[in-house]
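In our numbering, the protein residues as written are 578 to 820.
Glycine included, each C-beta is placed from N, C-alpha and C at the ideal position.
Structure first, commentary second.
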Amino acid sequence: MKDQSYYREKYVRNLPSKFCPGCGCGIVMNAFVRAVDELGIPKKDIVLTSGIGCSAWIPSPHLRFDSIHTPHGRAIPVAVGVKLFRPELTVATISGDGDLAGIGLGHLIHAAARNYDITVVMVNNGIYAMTGGQLAPTTPKGLRTPTTPDGNPYRPLDVSQLVATAGASFVARWTTFHFRPLVKSMVEALETKGFSFVEVLSQCPTYMGRRMNLTPYGLMRAIAEGTSLKGEEGKTRIGVLKG
Ligand SMILES: Cc1ncc(C[n+]2csc(CCOP(=O)(O)OP(=O)(O)O)c2C)c(N)n1
Ligand SMILES: [Mg+2]
578 MKDQSYYREK YVRNLPSKFC PGCGCGIVMN AFVRAVDELG IPKKDIVLTS GIGCSAWIPS
638 PHLRFDSIHT PHGRAIPVAV GVKLFRPELT VATISGDGDL AGIGLGHLIH AAARNYDITV
698 VMVNNGIYAM TGGQLAPTTP KGLRTPTTPD GNPYRPLDVS QLVATAGASF VARWTTFHFR
758 PLVKSMVEAL ETKGFSFVEV LSQCPTYMGR RMNLTPYGLM RAIAEGTSLK GEEGKTRIGV
818 LKG
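Written out as C-alpha cells, the structure reads:
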C-alpha cells in the first residue's frame, strides 16, 4: 500500500508550504496527485496551469509537474493553448473560484462550450482568500466580508451548473470532506475526452473560519453539511451533474 510519504516524495516539491494551517488546498493537492498516480500518467506527460490566488499555488510551485502560473483569470486559455499545440499531453488547470468564476469566467464558459479536452479543478472557498477574504461570485449569501460588511446581499453563482449547461463533457462537485469520491471524480475527469470540471467546496480557515468562529474541521463539516448533497446510502455526495 502506498502511504502519504510515497505521494509527497514523488509529486510534491520539497518546499515550505505557503498554505495556512487547515487550508483545503493541501487536501485538493493530495487528491489530484492520487488521481494522477492511479491513472499511471507519467509526470512528464502532464502540464498544469493556474491563475492567481492561494489555490493557484497548488500546481506552482508545489507540484513536480511542468506548470505555468498565468496572470489572474487566464489559466484556461493558456491550458487550451498548450493542449492545441501538444494534444498528446494531459493538460489541467487548478485554480480558485475568484480566478475561474470571477475575472476568468468568460474563458471558463467558452472553453466548456467548445469542449476543449482539458480538465479544470476549481477550488471554491467562497472568497478571494489571497487578498484578504473579499466577496467573490461564489460567496454564500449573508456572509460578512471586507467588501460586504453588512453581509453579502447576493446569491452565489452555481459554477458547476453553469459549466454543465455550457456543454462540458464531465462535471462533478464535492467538498474537501469527501476525499475518496473527489479522487474518483478527478480520475474520471482526467480520463474524459472533452472539457471536464471538478468543483471542490473548500475551507479557508483564515478568512472564513475565523469570521464564522469555526475551527478548520468545523468549517469543513459546515461546508459539507451546508450542501444539499445527500446521496446514495446516506453518504453525502454532490456527484456528477452531467456525464
Ligand atoms: C488583474 C488582477 N486583478 C486583481 C488581482 C488581485 N488578486 C490576487 S488573488 C485575487 C483573488 C483570488 O481569489 P481566488 O481565485 O478565489 O483564490 P483564493 O485565494 O481564494 O484561493 C485577486 C483579486 C490580481 N492579482 N490581478
Ligand atoms: Mg477563493
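*Report yes or no: do the segment 584-598 and the segment 625-642 share at least 3 C-beta pairs separated by less than 8 Å?*
yes
*Could you pull out every residue in the same chain whose Cβ sits closer than 6 Å to the Cβ of LEU720, ignoring the five residues on either side in sequence?*
ASN729
_Output needed for GLY710: all residues of its chain with C-beta closer than 8 Å, excluding positions within five of it in sequence on either side, in chain order._
ILE704, THR722, PRO723, CYS781, THR783, TYR784, MET785 and ARG788
*Mind checking whether the beta-carbon of PRO648 lies closer than 8 Å to any heavy atom of ligand 1?*
yes
*ALA706: beta carbon under 8 Å from a heavy atom of ligand 2?*
yes
*Would you report the Cα separation of GLU802 and THR792, rounded to the nearest angstrom?*
15 Å
*Distance, Cα to Cα, ALA741 vs ALA689?*
8 Å
*Through-space distance from ARG611 to ARG757, alpha-carbon basis*: 10 Å
_What would DSSP say about SER594, mapped onto helix, strand or coil?_
coil
*asked:* With a threshold of 7 Å on Cβ separation, who are the neighbours of TYR731 within its own chain once the five nearest residues in sequence on each side are excluded?
replied: LYS718
_Contact set for THR716: own chain, Cβ-Cβ below 7 Å, skip 5 residues either direction_ = GLY703, ILE704, THR722, ASN729 and PRO733
_Taking 7 Å as the limit between beta carbons, can you name the residues of its chain near VAL657, skipping five residues before and five after?_
ALA688, TYR693 and ILE695
*asked:* With H, G and I counted as helix, E and B as strand and the rest as coil, what does DSSP make of PHE774?
replied: strand
*To the nearest angstrom, how far is it from the Cα of THR769 to the Cα of GLY683?*
22 Å
_If distances are taken between C-alpha atoms only, which option among ASP622, ILE635, GLY673 and SER762 comes closest to LYS660?_
ASP622
*Terminal residues of the continuous beta strand (DSSP E) containing THR708?*
No beta strand (DSSP E) holds THR708; DSSP gives it neither H nor E.
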